[in-house]
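Scroll down for the structure; my scribbles are underneath it.
Residue numbers (mature numbering (1 follows the signal peptide of the UniProt record, and there is no 0)): -19 to -1, 1 to 97.
So this is what it looks like as structure tokens:
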């Protein structure tokens, strides 16, 4: 009986620790600086399309390499618009992006040269 109680208590502690780790992960993603602060860089890239589709809800594995970081193709990214891939709105939702950016091809890597 004592062994059973210890086993159950240990199991509950492990579950609680696992849940706390997920909460930290969510906080970290919420606090990421916006990818599109100066407008969408590479607005014509097909990131979600190349990934093979979009993900419902929140899926931290629903990512694609984007310039020097990653972007997301899950519906959660649309909550703050800060970490969606450039083609998320068109490919996943079928609507134009909320931020329209015009980029000079010679300045693709330079955020300050973007016109919104």
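C-beta: ideal position from N, C-alpha, C; glycine also.
Nearest-angstrom Cβ-Cβ length linking residue i and residue j, presumed shorter than 8 Å
| i | j | result |
| --- | --- | --- |
| residue 58 | residue 28 | So it is not a contact: roughly 11 Å between Cβ atoms. |
| residue 39 | residue 55 | 6 Å |
| residue 26 | residue 64 | Contact doesn't hold; Cβ gap of about 15 Å is too wide. |
For residue i, the three-state DSSP class (helix, strand or coil)
| i | result |
| --- | --- |
| residue 43 | coil |
| residue 28 | helix |
| residue 35 | coil |
| residue 66 | coil |
| residue 58 | helix |
Residue i versus residue j: straight-line alpha-carbon distance, rounded
| i | j | result |
| --- | --- | --- |
| residue 32 | residue 45 | 7 Å |
| residue 47 | residue 66 | 8 Å |
| residue 37 | residue 49 | 25 Å |
| residue 79 | residue 72 | 14 Å |
| residue 34 | residue 62 | 18 Å |
| residue -18 | residue 43 | 44 Å |
| residue 60 | residue 77 | 16 Å |
| residue 41 | residue 70 | 18 Å |
Closest Cα partner of residue i within the set the options
| i | options | result |
| --- | --- | --- |
| residue 75 | 42, 43 and 30 | 30 |
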